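Asks: Have a look at this one before I ask anything.
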Amino acid sequence: MIKIGDIELPDFPLLLAPMEDVSDPPFRALCKEQGADVVYTEFVSSEGLIRNAAKSVMKLDIYEKERPVGIQIFGANLDSMLQTIDIVEKSNPDIIDINFGCPVKKVVSKGAGAGILKDVCLMETLTAEMVKRTNIPITVKTRLGWDHDSIKIVEVAERLQDVGCKAIAIHGRTRAQMYKGEADWKPIAEVKNNPRMHIPVFGNGDVDTPEKAMLMRDSYGLDGAMIGRASIGNPWFFKQVKHFFKTGEHLGPISLEERVDAARRHLQMSIDWKGEKLGVFETRRHYTNYFKGIPNFKEYRMKMVTSDDAIDVFNAFDEVLENFSDFQFA
Numbered sequence: 001m002i003k004i005g006d007i008e009l010p011d012f013p014l015l016l017a018p019m020e021d022v023s024d025p026p027f028r029a030l031c032k033e034q035g036a037d038v039v040y041t042e043f044v045s046s047e048g049l050i051r052n053a054a055k056s057v058m059k060l061d062i063y064e065k066e067r068p069v070g071i072q073i074f075g076a077n078l079d080s081m082l083q084t085i086d087i088v089e090k091s092n093p094d095i096i097d098i099n100f101g102c103p104v105k106k107v108v109s110k111g112a113g114a115g116i117l118k119d120v121c122l123m124e125t126l127t128a129e130m131v132k133r134t135n136i137p138i139t140v141k142t143r144l145g146w147d148h149d150s151i152k153i154v155e156v157a158e159r160l161q162d163v164g165c166k167a168i169a170i171h172g173r174t175r176a177q178m179y180k181g182e183a184d185w186k187p188i189a190e191v192k193n194n195p196r197m198h199i200p201v202f203g204n205g206d207v208d209t210p211e212k213a214m215l216m217r218d219s220y221g222l223d224g225a226m227i228g229r230a231s232i233g234n235p236w237f238f239k240q241v242k243h244f245f246k247t248g249e250h251l252g253p254i255s256l257e258e259r260v261d262a263a264r265r266h267l268q269m270s271i272d273w274k275g276e277k278l279g280v281f282e283t284r285r286h287y288t289n290y291f292k293g294i295p296n297f298k299e300y301r302m303k304m305v306t307s308d309d310a311i312d313v314f315n316a317f318d319e320v321l322e323n324f325s326d327f328q329f330a
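For the sequence shown, the residue numbers in full-length UniProt numbering are 1 to 330.
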């Protein structure tokens with residue numbers, strides 16, 4: 001059994017990664033239904049929260065059916081991060097996660113996200129003070145280092161653990177790599193194999209097949225896998241991995257009916273949560289994967305990703321169900 005603080009999880013839990021404009025309540029609900037053991041919110045700006053920015057505050061919406069759920073925050077200013085803890089506590093998450101890994105320029109340029117990898121002492125101080133501020137378990141998501149020449153993840157993980165971090169998820173790339181090249185899980189395994197480490201160590205990066213999840217578990221010995229891009233438009237990935245672990249065989253294809261139903265529910269939940277305009281816009285990135293493999297699909301995909309009216313997208317779903325009813329997914 002894996003534990004984050006007092007939260008008990010199954011052996012080798014599967015975690016939905018925090019992804020901007022992806023891991024919102026509708027998508028988290030779908031992933032939870034399909035076997036995600038822990039889900040995380042999109043990352044929330046500490047500066048946005050303390051200024052009561054609407055978009056940041058909205059990201060604190062969590063629901064009982066999601067639990068255990070973590071709210072992820074980012075920032076580089078200690079006072080702002082501590083004020084954020086006080087705000088986030090009111091949403092009663094099970095976990096508060098600190099983002100020390102986002103590589104995008106607008107975050108890094110403010111010294112936040114992966115920018116903090118240049119200052120391990122600041123990482124340690126922020127984590128220590130946030131742990132002192134709350135009884136909610138504090139966890140960290142980070143990268144191997146700023147660049148290849150500055151990888152100190154074994155030391156970093158040990159120092160974060162020693163100041164009270166309850167779990168660490170490590171993306172197997174440096175900030176310099178962004179999302180290019182292959183993720184390197186060997187340094188993550190070195191963290192796990194450090195005899196001083198006793199908190200869960202989760203791997204992240206390139207877990208896009210059940211076989212890779214099994215490799216991360218059995219060959220690298222990690223405590224769980226955090227799933228990101230492989231889940232976009234494919235909330236069934238969690239179920240597929242668990243089925244493979246249990247049987248050694250791949251789960252059968254997800255039917256067209258299941259895919260249309262998921263896409264329809266996803267869109268409706270998004271509209272209910274954030275309104276039609278944003279709901280329609282922010283679900284577009286999922287449709288290519290929902291219907292991946294269908295031949296001559298461009299016409300329908302264009303309707304789904306260009307229309308601003310929900311009714312047009314729902315009608316496109318109906319057309320897909322009617323016109324491709326005989327198609328069998330591999």
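By construction, the Cβ of each residue, glycine as well, lies at the ideal position given by its N, Cα and C atoms. Quick caveat, the model's predicted, so the values are computed rather than measured.
(1) What are the complete alpha helix (DSSP H) segments, minimum 4 residues, inside the stretch 109-153?
(2) According to DSSP, is Ile311 helix, strand or coil?
(3) DSSP state of Glu42, grouped into three classes?
(4) Helix, strand or coil: how does DSSP classify Phe244 here?
(5) Give the single residue among Phe100, Ser325, Phe327 and Val280 whose Cα lies nearest to the Cα of Val313.
(6) In the DSSP assignment, find the alpha helix (DSSP H) that holds Asp97 and state where it starts and stops.
(7) Ile188 lies in the beta strand (DSSP E); which residues open and close that run?
(8) Measure how close the beta-carbons of Ile50 and Ser80 come, nearest whole angstrom, since I'm counting them as under 8 angstroms.
(9) In the DSSP assignment, find the beta strand (DSSP E) that holds Lys3 and state where it starts and stops.
(10) Which residues mark the beginning and the end of the alpha helix (DSSP H) in which Met226 is found?
(11) What are the boundary residues of the alpha helix (DSSP H) that includes Val260?
(12) Rounded to the nearest angstrom, how far is the Cβ of His148 from that of Thr125, given a contact under 8 angstroms?
(13) Measuring only the C-alpha atoms, how far is Asn99 from Gly172?
(14) Can Pro68 and Ile7 be called in contact, C-beta distance under 8 angstroms?
(15) Looking at Val305 and Tyr290, is the spacing between their C-beta atoms short of 8 angstroms?
(16) Rounded to whole angstroms, what's the CA-CA distance from Trp146 to Tyr300? Just pull it up for me.
(17) If you run the structure through DSSP and keep just helix, strand and coil, what is Leu82?
(18) Using CA coordinates, which residue listed in Val191, Ala76, Met216 and Gln72 is at the minimum distance from Asp11?
(19) Expressed to the nearest angstrom, what Euclidean distance is found between the alpha-carbon atoms of Leu16 and Phe324?
(20) Return the Cβ separation of Gly75 and Ile95 in integer angstroms, given the expectation that the two are a contact with Cβ distance under 8 angstroms.
(21) If you follow the alpha helix (DSSP H) that Val305 is in, where does it begin and where does it stop?
(22) Mind checking Ile266: buried by the 16 CB within 10 Å criterion, or exposed?
(23) Could you give the distance in angstroms between the alpha-carbon of Gly224 and the alpha-carbon of Tyr179?
(24) Please determine whether the Cβ atom of His286 lies at a distance below 7 angstroms from any heavy atom of the ligand COA.
(25) Assuming contact is defined by CB atoms lying nearer than 8 angstroms, are Ile73 and Pro200 in contact in what I supplied?
Replies: Taking the definition as stated:
(1) 120-133
(2) helix
(3) coil
(4) helix
(5) Val280
(6) From DSSP, Asp97 is part of no alpha helix (DSSP H) but of the beta strand (DSSP E) over Ile95 to Phe100.
(7) First-last for Ile188: Lys186 to Asn193, but that is the alpha helix (DSSP H), not the beta strand (DSSP E).
(8) 6 angstroms
(9) Ile2 to Ile4
(10) First-last for Met226: Gly224 to Ile227, but that is the beta strand (DSSP E), not the alpha helix (DSSP H).
(11) Leu256 to Lys274
(12) Contact doesn't hold; Cβ gap of about 26 angstroms is too wide.
(13) 15 angstroms
(14) yes
(15) no
(16) 42 angstroms
(17) helix
(18) Met216
(19) 31 angstroms
(20) Not a contact, Cβ separation roughly 17 angstroms.
(21) Lys298 to Thr306
(22) Looking at the sequence provided, one finds His at residue 266 rather than Ile. When all chains shown are included, His266 counts as buried.
(23) 21 angstroms
(24) Although the ligand COA was asked about, the structure shown includes no ligands whatsoever.
(25) no
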